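Protein chains in written order, with the working numbering: chain A, 10 to 326; chain B, 401 to 937.
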């Protein structure tokens with residue numbers, strides 16, 4: 010499926026991998042060497058072969074040798090690891106910034122023109138800088154094929170950068186445990202030709218959405234759910250995840266918990282609006298409070314209308 | 401052998417009867433066994449949770465349990481195994497039973513405090529496990545309780561942390577007790593450098609327990625302050641810093657790894673010379689490296705946080721210190737292997753455990769090098785590689801040393817011998833199962849599978865199947881071992897004072913020892929591992 014092990018997937022791969030080869034190489038050599046010594050001694054000096062042990066209390070020469078040699082080796086490993094990591098810190102000035110937002114349990118990516126996607130698009134052979142923002146709990150952006158990883162801490166700024174040298178699709182995982190659907194918090198980075206990327210990030214993003222409306226209003230609603238990562242917790246087919254499904258949501262009576270009291274209410278347009286902009290005020294019975302953050306100042310009125318249209322369709326209206 | 405002049409500690413009648421003769425006993429040997437039975441029970445629960453996790457991971461998607469249960473299970477597995485099993489493990493069981501005997505004392509310095517430690521341990525364990533049955537259900541935060549998720553979750557994390565806090569006191573008291581015992585109660589003639597290595601490691605461990613454990617207490621108070629009084633220490637929503645929590649957590653929890661591994665190294669240092677019939681190679685080097693590990697181990701906690709966004713200076717300082725702490729461990733391995741040179745090795749079960757300990761401990765330690773280097777750590781951090789590394793050190797290192805220790809001291813503790821053939825077959829099955837279970841995880845980590853994953857993509861499938869099969873083999877080995885030992889405790893042949901030809905003081909007393917261990921406190925004139933014939937004592 011996705012490309013996983015490519016030498017030029019990112020500019021860091023070869024350096025990190027040579028550190029791996031160096032450290033694993035020495036480690037395996039030591040493991041085999043010491044184990045061989047041990048097995049050889051056990052066979053040679055077992056009681057049936059050697060009835061009398063020699064009295065040896067130690068040797069200062071040997072102690073010095075096997076202190077100094079490992080010291081030199083581990084210091085060289087330290088240096089190798091450090092130098093391979095150093096240039097991950099120096100973000101080039103011309104790196105293209107992409108704002109990366111993590112929340113339970115989705116990644117979204119926002120480009121300079123305001124376009125938001127749930128898949129990360131990056132141009133080939135150009136440095137890209139991901140500005141990492143976590144909205145709720147700790148997450149960690151991990152792209153194994155690129156050998157990069159950075160924890161995303163709410164309230165803290167962090168970034169990573171890379172330059173990919175090969176077109177293709179690579180997996181993105183969340184590496185820091187973030188609750189129920191941690192292992193489903195994945196995405197894909199698509200490395201595309203620079204021209205295609207420019208095209209995508211130059212056009213006005215609102216135009217893009219409006220364009221979709223004319224094509225199919227339902228499609229626009231689906232795009233909105235993808236853009237904001239709604240589908241990490243809600244489904245369109247009636248099955249229950251962390252949050253209730255969109256299916257058959259409109260025009261039905263629901264039992265919700267409001268300020269500790271159970272009340273029945275009609276799920277209308279206002280209800281949907283409150284559920285998006287003030288999600289913890291009313292919680293549908295059987296679901297947990299505090300998992301969803303408000304989308305105030307994020308989901309626009311246009312987008313809200315598109316969602317509503319989509320929900321109407323799913324509710325058979 | 402029927403040279404029992406006095407009755408053993410098991411037969412002596414005290415003030416209380418039945419179970420009370422145990423749970424109110426201040427005899428260090430009975431307390432050691434109380435710890436053994438409680439710790440082994442928790443261990444078996446932890447094993448079962450682990451087996452269920454491996455079963456779930458056998459195939460992508462849902463196999464046997466849903467994600468919420470899986471998250472609770474890996475949290476409980478971690479909490480039980482770390483706080484209830486491995487941290488108290490060797491010091492509380494074998495330390496209690498053997499430390500006084502090995503240094504020629506009748507008991508520890510503070511026998512009542514010792515009993516109190518066990519009671520605190522049980523109390524802490526009950527509090528921690530009560531989180532299972534109360535409120536929002538078992539915690540699903542991972543055993544690290546990272547902020548802010550741990551503070552947001554509706555599950556019951558507070559009792560689990562409170563349990564860890566209470567268990568900390570048990571650990572501190574045991575540490576104080578051992579340190580004072582070692583300082584004040586060594587037999588006449590037993591200078592510091594005539595003391596066996598297992599007490600030496602307990603001494604290093606004791607200091608870590610006293611100095612590092614209070615950090616857990618401070619952290620807990622801050623958590624309570626945050627959850628109850630809304631003071632923002634850790635939760636960014638209240639203006640706190642989640643990274644501060646990670647620092648505090650690892651300042652304790654990293655040295656805790658050395659609380660686990662040092663006594664294990666001590667046990668190995670006892671087993672190897674006995675079965676090699678030869679003085680341990682480089683006694684002083686092993687002592688110094690023990691103290692060096694205990695000391696440097698305080699300053700490496702930051703390597704758990706290489707991707708958390710610490711400053712570059714902090715990163716390479718912690719990376720450098722991490723590599724430095726690797727050196728004393730390497731020195732120990734060289735000395736253990738060096739002991740086998742020109743030895744006369746008895747191939748018995750405890751020795752097999754010790755030799756395989758060296759193998760798995762080396763894999764654990766060497767895999768740590770790739771985690772200590774910055775460039776490679778970034779890729780491996782929070783992946784299955786870390787899980788494999790950790791289990792090779794803690795289950796491989798501490799677990800194999802524990803198995804070695806129980807097979808080594810079994811005749812001393814129960815006064816009976818186990819079936820050696822069955823014990824050896826249990827060992828080989830366990831060893832094969834262990835490697836099959838954890839080696840594939842290194843591969844999974846290198847290819848990028850994150851840890852604490854309920855579900856995974858298809859390319860991680862193969863190694864996960866192998867790993868699950870390994871867990872069954874390991875379980876089979878464990879069942880054989882337990883069956884054999886339990887059976888031997890009741891029906892085994894009576895053991896002699898010194899079935900293996902050991903030279904340390906515990907082999908000069910009866911099996912099982914009498915209530916006060918020694919009729920007469922011995923005078924020590926030779927080093928602990930002097931196997932020369934003319935020095936026979």
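Beta carbons are placed, not taken as given, at the ideal position from N, Cα and C, and that holds for glycine.
Nothing here was measured: the structure is a model prediction, and the numbers come from that model.
How many angstroms separate the CA atom of residue i from the CA atom of residue j?
i	j	result
residue 220 (chain A)	residue 642 (chain B)	Confidence is the limiting factor: at residue 220 (chain A) the pLDDT is only 43, short of 50, which leaves the residue's position unreliable, though a coordinate-based value still follows. Roughly 42 Å between the two C-alpha positions.
residue 470 (chain B)	residue 297 (chain A)	18 Å
residue 403 (chain B)	residue 441 (chain B)	Because residue 403 (chain B) sits at a pLDDT of 48, beneath the cut-off of 50, its placement in the model cannot be relied upon, and the following sentence gives the value as read from the coordinates. Each residue's alpha carbon lies about 34 Å from the other.
residue 63 (chain A)	residue 921 (chain B)	31 Å
residue 841 (chain B)	residue 46 (chain A)	27 Å
residue 854 (chain B)	residue 191 (chain A)	8 Å
residue 66 (chain A)	residue 791 (chain B)	33 Å
residue 434 (chain B)	residue 889 (chain B)	15 Å
residue 308 (chain A)	residue 140 (chain A)	21 Å
residue 709 (chain B)	residue 817 (chain B)	55 Å
residue 728 (chain B)	residue 502 (chain B)	24 Å
residue 230 (chain A)	residue 785 (chain B)	41 Å
residue 310 (chain A)	residue 116 (chain A)	22 Å
residue 28 (chain A)	residue 41 (chain A)	20 Å
residue 432 (chain B)	residue 683 (chain B)	27 Å
residue 499 (chain B)	residue 506 (chain B)	10 Å
residue 591 (chain B)	residue 584 (chain B)	11 Å
residue 222 (chain A)	residue 314 (chain A)	With a pLDDT of 41 at residue 222 (chain A), under the threshold of 50, the modelled position of this residue cannot be trusted; read the value that follows with caution. Between residue 222 (chain A) and residue 314 (chain A), the C-alpha separation is close to 10 Å.
Are the Cβ atoms of residue i and residue j separated by less than 8 Å?
i	j	result
residue 550 (chain B)	residue 479 (chain B)	no
residue 804 (chain B)	residue 912 (chain B)	no
residue 511 (chain B)	residue 605 (chain B)	no
residue 548 (chain B)	residue 106 (chain A)	no
residue 789 (chain B)	residue 768 (chain B)	yes
residue 265 (chain A)	residue 274 (chain A)	yes
residue 18 (chain A)	residue 133 (chain A)	no
residue 543 (chain B)	residue 482 (chain B)	yes
residue 599 (chain B)	residue 582 (chain B)	yes
residue 156 (chain A)	residue 21 (chain A)	yes
residue 245 (chain A)	residue 323 (chain A)	yes
residue 430 (chain B)	residue 422 (chain B)	yes
residue 749 (chain B)	residue 807 (chain B)	yes
residue 825 (chain B)	residue 880 (chain B)	yes
residue 765 (chain B)	residue 726 (chain B)	yes
residue 165 (chain A)	residue 781 (chain B)	no
residue 903 (chain B)	residue 883 (chain B)	no
residue 706 (chain B)	residue 819 (chain B)	no
residue 258 (chain A)	residue 320 (chain A)	yes
Which residues in chain B sit within 9 Å of residue i, going by Cβ to Cβ distance?
i	result
residue 59 (chain A)	742, 743, 744, 745
residue 312 (chain A)	Those do not exist, as residue 312 (chain A) stays about 26 Å from chain B at its closest Cβ, beyond 9 Å.
What residues of chain B sit near residue i, judged by a beta carbon separation below 7 Å?
i	result
residue 30 (chain A)	The premise fails here: residue 30 (chain A) is roughly 10 Å from chain B at the closest Cβ pair, so nothing lies under 7 Å.
residue 55 (chain A)	745, 747
residue 185 (chain A)	782
residue 149 (chain A)	707, 782
For a contact meaning CB atoms closer than 9 Å, what does residue i contact in chain A?
i	result
residue 763 (chain B)	36, 40
residue 717 (chain B)	Under the 9 Å cutoff, chain A gives no residues; its nearest Cβ is about 11 Å from residue 717 (chain B).
Based on the DSSP secondary-structure assignment, which residues constitute the bridge partners of residue i?
i	result
residue 118 (chain A)	A:109, A:126
residue 195 (chain A)	A:182
residue 850 (chain B)	B:783
residue 177 (chain A)	A:200
residue 9 (chain A)	Any answer about residue 9 (chain A) is impossible in this case: the structure gives chain A only from 10 up to 326.
residue 150 (chain A)	A:159, A:183
residue 263 (chain A)	A:274
Residue i touches chain A at which residues, Cβ-Cβ below 7 Å?
i	result
residue 669 (chain B)	Result: empty, since nearest Cβ-Cβ is about 13 Å, beyond 7 Å.
residue 776 (chain B)	25, 28, 29, 32, 90
residue 759 (chain B)	44
residue 852 (chain B)	186, 191
- So does the segment 141–153 of chain A actually touch the segment 102–118 of chain A, counting three or more Cβ pairs closer than 8 Å? Yes, the segment 141–153 of chain A touches the segment 102–118 of chain A.
- Task: Examine the Cβ distances between the segment 754–763 of chain B and the segment 69–81 of chain A and report whether three or more of them are shorter than 8 Å.
- Result: Contact between the segment 754–763 of chain B and the segment 69–81 of chain A is absent, because fewer than three Cβ pairs lie under 8 Å.
- Query: Any chance the segment 50–57 of chain A sits against the segment 734–741 of chain B, with 3 or more Cβ pairs inside 8 Å?
  - Reply: Yes, since at least three Cβ pairs between the segment 50–57 of chain A and the segment 734–741 of chain B fall closer than 8 Å, the two stretches touch.
- Message: Would the segment 685–704 of chain B count as touching the segment 719–728 of chain B if we require 3 or more Cβ pairs under 8 Å?
- Response: The answer is yes - the segment 719–728 of chain B touches the segment 685–704 of chain B, with three or more Cβ pairs under 8 Å.
- Using 8 Å as the threshold, is the segment 791–803 of chain B in touch with the segment 855–870 of chain B, meaning 3 or more CB pairs across them? With a cut-off of 8 Å on Cβ pairs, the segment 791–803 of chain B is not in contact with the segment 855–870 of chain B, counting fewer than three such pairs.
- State whether the segment 600–614 of chain B contacts the segment 570–581 of chain B, with contact taken as three or more CB pairs (one from each stretch) at a distance under 8 Å. Of all C-beta pairs linking the segment 600–614 of chain B to the segment 570–581 of chain B, three or more are shorter than 8 Å, placing the two stretches in contact.
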